[in-house]
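These protein sequences, in sequence, are chains R and S.
Start counting the first sequence at 1; every next residue gets the next number (this note's numbering).
Start counting the second sequence at 468; every next residue gets the next number (this note's numbering).
Virtual Cβ for every residue (Gly too), placed ideally from N, Cα, C.
See below for the structure under consideration.
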Amino acid sequence: MQYKEQKIRICSNLPLHRQSGVPGKVCGALRIANQIKGCVPILHSPVGCAFQRKINTFAPYEITYNLPCTNLTEVDTVYGGHEKLVEKVLEVNKKYHPELILIISTCAPDLIGEDYDITLDEVRDMIDAKIIYDTGNAKRAPVGMQSALYSLATQVMEEQDKIKKSLNICKLSYHRTDSVDEFVDILEEMGAHVNGVYFNNNTVEDIKNIPRAELNLVDFPADWVLYAEKKFGTKYLVPPRLKIEDSLTTLNGFAKYLYAIAGALDLDTDVIEKRKKEADEKLEKYRKKLKGKKIASGFSVHGGAMQTLIEDVGMECPVLILKTRRMNLMMKDDAVKHISNSMTRFIENHQGYAPEVLINPTTEEEIKAMKEHGIELCVGGMENNMFEYLRNGIKLFDMRRMMQISKMGFNNSVNIARETYKIVSKEPKSHLLLGNIEYSMRNPSLSNYWADIVDIFQTCWHCDCKD
Amino acid sequence: MEPLQGCRMIGAIRAFNGILDGYSILHSPPGCHSGVMMLEVLQDNSDWRIAVSGMHQRDLVYGAENKCLLAIKKVYETIKPNFIVAMDCCSSGILGEDLESIVNLAKDEIDKDIIYFSGAGYHSLAYSGYDEALKSLVQFMEQKETIPNSINLIGIKIDDFKAKEDIEEIRRICCNAGVNINSILTCDTFDAIKNAPNAELNVVFGDGIKLAELMKKKFDIPYVVVDYPYGLNGTLEFLNSLNEHVNVDFEFVEEEKKRIIKTVEKVQFYLKGFYGMSSAVVGDYKAFGFAKFLSDEIGFDIDTLGVSKFYNINSKIKEIKDIVENIVIDDRKELEDKIMENNIEILFGSSYEKKMAQNKNIPLIRFSYPVVDEISLSNTPLAGFRGAPIIIERIINEITKA
């Protein structure tokens, strides 16, 4: 796609995922289908689902142009859409010559209990493509993605002979899979065989071959991961998601993760310290300029920049700005408290004194505290009024930017330090046109208009989530 | 067959969303909501008036009418809209959620107009959802005093590409012609829509004919169905149609004509090159007016016209059959095959036709719904006298800058 990086960047501020809406399972399944070369998804749905799902809420800059659907009508919701599905499968097979057809079920066929096994049995011998289905039944979010992955595991992956010391790198939510070059390089130098990087432009053959690996490196033990372990004997390893001190963004955190991989596959560990040292040397350039400078930070659990800036670069964080509104929607108070305590402990351990913790402050209170502590950079974004900061001479390292610069490897720290230096060394732009919009007190990164929309959505969506 | 348009819910949302001080609530899982959100918000980050009750998986077993009630109350409390519509979608429709009762319950606490609309996508296509949504507004209409020489515009969709600019241009033209626009359905306040029966004439741009028929029956307001006014001739034709029912002052037209000709002179050599160029036009009702403009005023040959279905489509097809080689009605597959097989040199359509244009390596000029990969902030309408040079500019630039 032309200008993809730029499109991602300008769309990254749309207040989507769990703010003003949730993409829905079809979007998730389509995200997976679109990552597989030669895969054509079919929506078993009324026409509206296909019409609007051409734009994927997970990636609004991408349009799925070929999105055939079965065009279910009222009659079909009574008698079932079996015939239409068969007809569409044959049509898609003839028109697109796909390697894989993924039937994605939607609300209507889910509720009437469409029997996909019968359909698949009927058409399997009539088409060249491999055909599978997905009903979107995963237990955890993102449901559509997890369910599609489970469908791939149960219907595409095949029993294979294991390759010794081999592993799969499966998408880690805070690192884009197209940014794993350094990770692959290190693992190979450690003696691992990287069987594949998933799910990122894979072929159907690549998917079939996932079980060749001895180890899956995953974000969390999703259903498909557990299935792959049980059925194919591929073990899995997850990074420490909620341990602030082991964040993969720091040199030590990433090294610890590599040691865990090495332990699981009996790999050479010498390269870990060597690579860590190389990155540390690169960091020195930024350390000289940034060490001792003061930052304020918002919540930073995994994949955040705060840990790197404090631990690797030597910056200080005298102010911790904790906004609990969003977290409280999904987490119990104890969990939120645990995270904030861990953050405070982490900062205190590194800089020798505890930060001042502001719980749900107003923008004025934040700025006042930052000024008192001589802070010129805040690491946050989702809950901060960037324009009020800039007007008061405080810069912001927006964590949405992290998603774009993140890479899996020791050099991630270097990237974070470089980006921080870039922000710190420039004068804040305090006359931005966007600064003239009135921002919400309750949700300061959004205008009042959007803050109301978010409030309405979150009230309804989370109304029974803590039951 | 795979239609070129969305489902009933999408059509209805497009109609209700044009009530500028109204709010829609989808009683559905989040997918329907975020889907329509993308269609709207990618074009305009400042206008999003659709909430979702947010049915979870378990709600599809036990029902979640209470969530719909909560959403209505929350929307009212936060936004205070003058009109609320609660709409079911596929899942709540199959489940048989009783939203009529929920709306009645809400009415006990909320002193605003609230209605229930059955929006389940499997019921019908978008055009039908749009028409029935418009029709549902008649219950709120009140006929008071007829405003002389006034019209309502029916069939406007505010999320059409450059719709707001087009409305401004149509408003300007009507103003110059001495015709008052009483109400726009739908791109108006709820009060203005309630006052729609005060107009002398309903002017229907294709969709919304059911509303026009009902208003004729109930309020005795005649209606006229017109093409969307593209180009010089198209806009004149629009004024002529009005003139059969209200008084149109044509005096200003000569100046407009001169202005267009002057613009045409600036690109006369490029324009000659368009004569006989084979094109395809894809869209809804507006595609007819657009195809006529391209053919009659620019000189393109229209090889293929792909249109989504609407009421009275057959009579429109009869009108246009002399200038179009192939007509494909609401079938994406057939349309793709035609465009790929035929010798088409330029494509006019929506963002969804981009891949086809890329595969054929031909320019795509966006004019029809949905346009999600181009925004419009400047006052550059496609409709009316002012629209003609802008369309020409877009076509030439698209080719020369490639």
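Suppose you measure from the CA of R:M386 to the CA of R:V204; what does that come to, to the nearest Å? Straight-line Cα distance between these residues: approximately 44 Å.
Would the beta-carbon of S:L572 fall within 8 Å of that of S:L537? Taking 8 Å as the Cβ cut-off, S:L572 and S:L537 do not qualify as a contacting pair.
Can you look up S:C654 in the DSSP assignment and give me helix, strand or coil? Three-state result, S:C654: coil.
Answer with yes or no whether the minimum CB distance from S:K733 to chain R is below 8 Å. Put simply, the CB of S:K733 is far from chain R, with every gap to its CB atoms at 8 Å or more.
Just how far apart, CA to CA, sit S:A587 and S:S835? If you draw a straight line from the Cα of S:A587 to the Cα of S:S835, it is about 24 Å long.
Using a beta-carbon distance below 8 Å, is S:K685 in contact with chain R? Taking Cβ atoms only, chain R never reaches closer than 8 Å to S:K685, which makes this a no.
Cβ of R:G292 within 8 Å of any chain S Cβ: It does not: the Cβ of R:G292 has no partner Cβ on chain S nearer than 8 Å.
Could you run through the stretch 25–56 of chain R and flag, in chain order, every residue whose CB is less than 9 Å away from some CB of chain S? The stretch 25–56 of chain R vs chain S, Cβ under 9 Å: K25, V26, C27, S45, P46, V47, G48, C49, A50, F51, Q52, R53, K54, I55 and N56.
Which residue marks the beginning of the beta strand (DSSP E) containing S:R833, and which one marks its end? For S:R833, the enclosing beta strand (DSSP E) covers residues L831 to R833.
At which residues does the alpha helix (DSSP H) containing R:M399 begin and terminate? Taken as a continuous stretch (DSSP letters only), the alpha helix (DSSP H) holding R:M399 covers M399 to I405.
DSSP state of R:S179, grouped into three classes? Helix.
R:D185 by DSSP, collapsed to three states: which one? Three-state result, R:D185: helix.
Let me confirm a value: S:H590 is counted as buried when at least 16 other C-beta atoms fall within 10 Å, else exposed. Which label applies? Flag for S:H590 reads buried.
Straight-line Cα distance separating S:V508 from R:N392: Going by the C-alpha atoms only, they are around 31 Å apart.
Would you please verify whether the beta carbon of R:F199 is less than 8 Å from any beta carbon of chain S? Not closer than 8 Å to any Cβ of chain S, the Cβ of R:F199 fails to qualify, so no.
If you draw a straight line from the C-alpha of R:D467 to the C-alpha of R:K337, how long is it? Here the model assigns R:D467 a pLDDT of 46, short of 50, so the residue's position is not dependable and the matter cannot be decided.
If the cut is a Cβ gap below 8 Å, which residues of chain B does S:Q472 touch? Within the model displayed, chain B is absent; protein chains R and S are what it includes.
Return the Cβ separation of R:G352 and S:M504 in integer angstroms, given the expectation that the two are a contact with Cβ distance under 8 Å. Not quite, the Cβ-Cβ distance comes to about 48 Å (not below 8 Å), so this is no contact.
Along the chain, where does the alpha helix (DSSP H) containing S:A706 start, and where does it finish? This sequence places Leu at residue 706 of chain S; Ala is not what is there. Under the DSSP assignment, S:L706 falls in the alpha helix (DSSP H) whose first and last residues are G698 to N710.
Where the alpha helix (DSSP H) containing S:K739 begins and where it ends: Segment Q735 to F741, the alpha helix (DSSP H) holding S:K739.
Which residue wins for smallest C-alpha separation from S:P664, given the options S:S746, S:T656 and S:A679? Put simply, of S:S746, S:T656 and S:A679 the residue whose alpha carbon is nearest the alpha carbon of S:P664 is S:A679.
Does R:F457 come within less than 8 Å of chain S when only Cβ atoms are used? Taking Cβ atoms only, chain S reaches closer than 8 Å to R:F457, which makes this a yes.
What are the boundary residues of the alpha helix (DSSP H) that R:L290 is part of? Run containing R:L290: D270 to L290, per the alpha helix (DSSP H) assignment.
For S:G622, tell me which candidate among S:I765, S:I862 and S:I486 has the shortest Cα-Cα distance. Scanning S:I765, S:I862 and S:I486 for the CA closest to the CA of S:G622 turns up S:I486.
Boundaries (first-last residue) of the beta strand (DSSP E) holding S:E803: S:E803 -> not in any beta strand (DSSP E); alpha helix (DSSP H) instead, spanning R799 to E808.
What separation, rounded to the nearest whole angstrom, lies between the Cα atoms of R:L100 and R:K230? Going by the C-alpha atoms only, they are around 25 Å apart.
For the stretch 66–99 of chain R, which residues have a CB atom closer than 8 Å to at least one CB atom of chain S, in sequence order? Residues of the stretch 66–99 of chain R whose Cβ lies closer than 8 Å to any Cβ of chain S, in chain order: N66, P68, C69, N71, L72, T73, E74, D76, T77, E91 and K95.
Beta-carbon neighbours of S:T545, restricted to chain R and to distances below 7 Å: What S:T545 touches in chain R: D452, D455 and I456.
Comparing the C-beta of R:W224 with each C-beta of chain S, is any distance below 8 Å? False, the Cβ-Cβ gap to chain S never drops below 8 Å.
Closer than 8 Å is the cut-off here; do at least three beta carbon pairs connect the stretch 48–68 of chain R with the stretch 488–504 of chain S? A contact exists between the stretch 48–68 of chain R and the stretch 488–504 of chain S.
When you check each C-beta in the stretch 561–584 of chain S against every C-beta of chain R, which residues fall closer than 9 Å? Result list: I561 and L562.
Would you mind reading off the limits of the beta strand (DSSP E) that contains R:Y439? It is not in any beta strand (DSSP E) - R:Y439 carries neither H nor E in the DSSP assignment.
Taking the straight line between their C-alpha atoms, what separation do you get for S:A593 and R:P428? Going from the Cα of S:A593 to the Cα of R:P428 covers about 48 Å.
Cut-off 8 Å between Cβ atoms - residues of its own chain near S:N846, not counting five sequence neighbours on either side: Counting only residues of its own chain and dropping the five nearest sequence neighbours on each side, S:N846 has a CB closer than 8 Å to the CB of E632 and E635.
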